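Quick note, the numbering used here runs 64 ahead of the 1-based positions in the sequence shown.
Heads up, the beta-carbon is just placed ideally off N, CA and C, and yes, glycines get one too.
Source: prediction; values computed, not measured.
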Amino acid sequence: MQNAAATNGAGASQPKKLEPLIYDLGAPGRIGVNLPDCDVPKTALPADLLRADLALPEVGEVQVVRHFVKLSKLNYSIDQGLYPLGSCTMKYNPKINEDAARLPGFAQLHPLTDGDGAQGALFLMHELQTWLGEISGFEAVSLSPAAGAQGEFAGILMIRQYHIDRGEGQRDIILVPNSAHGTNPATVTMAGMSVRELPADAQGNVDLAALRDVCAGDLRDRIAGMMITVPSTLGLFEATILDVVEAVHDAGGLMYMDGANMNALMGAVKPGQLGFDVMHYNLHKTFSTPHGGGGPGSGAVGVTAALAPYLPGPVVAVIEEENEQEPPLYGLVMPEKSIGRLKAFQGNFGMHLRAYAYIRVYGDAGIRDVTRYAVLNANYLRARLMATYKVPYPRYCGHEFVLEGHFDDAEDVHALDISKRLMDYGFHPPTNYFPLIMPEALLIEPTETEVKEDLDAFVAAMERIAEEARSEPETLLNAPHTAPVRRLDEVKAVKELVLCCAPALPIGARD
Ligand SMILES: *Cc1c(COP(=O)(O)O)cnc(C)c1O
65 MQNAAATNGA GASQPKKLEP LIYDLGAPGR IGVNLPDCDV PKTALPADLL RADLALPEVG
125 EVQVVRHFVK LSKLNYSIDQ GLYPLGSCTM KYNPKINEDA ARLPGFAQLH PLTDGDGAQG
185 ALFLMHELQT WLGEISGFEA VSLSPAAGAQ GEFAGILMIR QYHIDRGEGQ RDIILVPNSA
245 HGTNPATVTM AGMSVRELPA DAQGNVDLAA LRDVCAGDLR DRIAGMMITV PSTLGLFEAT
305 ILDVVEAVHD AGGLMYMDGA NMNALMGAVK PGQLGFDVMH YNLHKTFSTP HGGGGPGSGA
365 VGVTAALAPY LPGPVVAVIE EENEQEPPLY GLVMPEKSIG RLKAFQGNFG MHLRAYAYIR
425 VYGDAGIRDV TRYAVLNANY LRARLMATYK VPYPRYCGHE FVLEGHFDDA EDVHALDISK
485 RLMDYGFHPP TNYFPLIMPE ALLIEPTETE VKEDLDAFVA AMERIAEEAR SEPETLLNAP
545 HTAPVRRLDE VKAVKELVLC CAPALPIGAR D
């Protein structure tokens with residue numbers, strides 16, 4: 065996530081009223097648990113493991129429950145309200161997916177279980193590979209990458225190996241538009257290739273003339289491919305994408321699509337049919353899974369037949385066709401020229417399960433509706449906010465859009481102040497200062513799971529804030545006023561998390 069605005073952590077200034085630590089609660093003799101009778105012989109613990117000064121609280125069950133429920137309420141979550149964090153797709157995750165992921169037969173399956181004992185799980189992964197291939201128009205899919213960025217890494221390594229195998233190892237440049245997600249240039253560098261940045265044109269598309277110049281220039285024989293985020297981080301669909309694909313293919317390069325945000329495309333457009341050679345999906349965005357706080361993800365990759373032998377492994381394949389008596393037998397295989405493993409075992413299987421359940425419950429018509437509503441909601445918000453905020457690229461957007469969080473007649477107020485004030489109105493802030501090519505960017509992604517009333521409430525808050533920016537700018541500059549802490553040091557807050565209170569301190573010494 066780009067934005068740590070709502071996170072509690074180090075660097076906090078001006079704490080309002082913090083909850084007391086659990087260590088400050090309770091009184092001697094209060095007990096919150098009933099332990100069963102001891103059914104083993106009692107024995108003395110080794111003296112060197114015992115501490116006399118361990119200040120553990122003595123609290124009853126009700127106190128403990130209330131304490132932690134109060135703490136949990138200090139956190140903002142998607143189950144509480146709109147979470148329009150652009151590019152992150154913080155949408156409602158069906159609870160049934162969580163039930164599915166906890167089914168004991170799946171949750172307790174040991175990753176070393178042999179093929180015979182894991183046919184159900186392998187079948188599920190095989191189905192998911194097939195469906196993802198179908199949704200995006202690709203020949204083959206590997207589920208092994210653990211995150212979007214790792215899927216990108218896999219994709220660029222595949223492109224690199226493909227060129228090396230064809231005797232074109234000198235191809236070491238990946239073209240990256242300036243509207244790409246930040247992970248894209250980072251991936252290229254990690255994979256040992258060089259980035260060549262491309263500008264955007266006045267409409268926010270890749271500048272086609274600039275691209276054609278590069279493709280026809282001195283670097284032509286060094287172009288390994290292009291990595292493009294669709295829709296771009298401006299939330300815009302690339303209007304000239306077919307020309308872009310053609311120019312890069314003509315130069316001998318392959319096309320990588322950052323498909324983290326397939327909720328703008330699925331059911332409507334198949335990247336494989338647009339001419340892309342490889343793409344990653346973010347199962348933890350488009351296909352649901354709670355993913356705040358960097359929780360486990362899955363960055364599956366899809367490829368054309370030409371790249372299928374390079375996929376990271378293992379992938380699930382039918383190793384014995386079905387016959388009249390037996391269903392097909394599934395097994396794990398390493399593709400012939402695989403770039404190798406990126407993750408232990410089979411990747412994050414729990415994410416595969418949730419994505420499977422998500423697609424299965426929606427079906428193809430439902431998947432198409434997800435896209436239609438995600439795009440409709442974003443366009444509705446954009447259209448309603450255009451009267452109050454500057455929208456730098458006033459054209460239909462995909463699943464998200466960018467606003468300028470700054471007003472010419474309220475100079476002191478910046479995008480960050482608007483975001484902080486939104487917290488007072490009960491909304492999670494949008495993504496701030498990203499994409500980088502847009503000054504004062506607020507990247508807003510409502511997602512398909514919001515109803516009109518909630519979108520309208522967000523518009524009303526944004527309109528109030530625009531008024532406040534002129535009439536009482538200090539209210540914005542000092543926001544948030546309702547959160548447990550005010551402005552955090554945004555860097556320290558994520559680098560120096562305060563995850564535990566200090567039990568070593570004597571009670572009361574904390575202040
Ligand atoms: C989220 C995102 C990524 C990175 O995915 P991670 O799972 O966070 O590594 C890459 N590209 C785009 C467009 C994204 O939105």
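The beta strand (DSSP E) runs lying completely inside the stretch 86-141 and spanning 3 residues or more number zero.
Runs of the beta strand (DSSP E) spanning 3 or more residues and lying entirely within the stretch 462-550 occur at 465-468 and 505-508, in chain order. Burial check for Phe491: the Cβ neighbour count within 10 Å reaches 16 or more, so the residue is buried. Here the alpha carbon of Ala328 sits roughly 22 Å from the alpha carbon of Glu517. Where Thr452 is concerned, there is no enclosing beta strand (DSSP E), because DSSP gives it neither an H nor an E.
Ranking Gly215, Ser352 and Gly93 by CA distance to the CA of Gly377 puts Gly215 first.
The beta-carbon distance between Ser151 and Glu390, rounded to whole angstroms, is 46 Å. This is too long to meet the 8 Å contact definition.
Between ligand 1 and Ala364, a heavy atom-to-CB distance of less than 7 Å is absent. In its chain, beyond the 5 residues on either side, Pro209, Val365, Pro376, Ile403 and Leu406 have a beta carbon closer than 7 Å to the beta carbon of Ala218. Contact between Ile501 and Asn242 holds, since their C-beta atoms are separated by about 5 Å, short of 8 Å.
Spatial neighbours of Gly289 in its own chain (CB-CB distance under 7 Å, excluding positions within 5 residues in sequence) are listed in chain order as Ile223, Ile238, Val312, Gly317, Leu318, Met319 and Tyr320.
Under the DSSP definition of a beta bridge, His355 lacks any partner. CA-CA distance, His245 to Ala524, rounds to 30 Å. Taking the Cα positions, Asp307 is about 8 Å away from Leu272. Annotation for His463 indicates a beta carbon at 7 Å or more from all heavy atoms of ligand 1.
Inter-segment contact for the stretch 165-183 and the stretch 436-445 is absent: fewer than three beta-carbon pairs are separated by less than 8 Å. Non-local beta-carbon contacts of Leu393 in its own chain, meaning distances under 6 Å to residues more than five positions away in sequence, involve Ile383 and Glu384 in chain order. The alpha-carbon separation between Ala408 and Val397 amounts to approximately 14 Å.
Secondary-structure assignment with DSSP links Ile238 through a beta bridge to Val259 and Gly289. When DSSP reads this structure, Asp322 sits in a beta bridge with Thr293 and His344. The count of Cβ pairs closer than 8 Å, one atom from the stretch 191-203 and one from the stretch 544-554, stays below three, leaving the stretches out of contact. The residues Asn248, Pro249, Val252, Val259, Arg260, Glu261, Leu262, Met290, Met291 and Ile292, in chain order, have a CB closer than 8 Å to that of Val240 in the same chain once the five nearest residues on each side in sequence are set aside.
Per DSSP, the continuous beta strand (DSSP E) segment holding Val205 begins and ends at Ala204 to Ser206. The beta carbon of Gly184 lies closer than 7 Å to those of Gly169 in the same chain, with the five residues before and after it left out. Three or more beta-carbon pairs separated by less than 8 Å are not found between the stretch 407-424 and the stretch 479-490, which leaves the two stretches without contact. Counting along the chain, Tyr394 sits inside no alpha helix (DSSP H); it lies in the beta strand (DSSP E) bounded by residues Leu393 to Val397.
In this structure the stretch 536-545 does not lie against the stretch 455-471, because fewer than three pairs of beta carbons, one per stretch, are closer than 8 Å. By a beta-carbon distance limit of 8 Å, Thr304 contacts Asn269. Their separation comes to about 6 Å. For Gly361, the CB contacts under 8 Å within the same chain, skipping 5 residues up- and downstream, are Ala210, Ala211, Gly212, Asn346, Leu347, His348, Thr353, His355, Asn412 and Met415 in chain order. Residue state for Ala419 is assigned as helix, using DSSP reduced to three classes. Taking C-alpha positions only, Phe522 is separated from Pro510 by approximately 10 Å.
Closest in C-alpha terms to Leu120, from the list Ala557, Leu85 and Asp103, comes Leu85. Non-local beta-carbon contacts of Pro456 in its own chain, meaning distances under 7 Å to residues more than five positions away in sequence, involve Val466, Glu468 and Met502 in chain order.
With respect to the 8 Å criterion, Pro499 and Ser483 are not classified as neighbours on the basis of their beta carbons. In its chain, beyond the 5 residues on either side, Pro158, Asn161, Phe351 and Ser352 have a beta carbon closer than 8 Å to the beta carbon of Tyr422.
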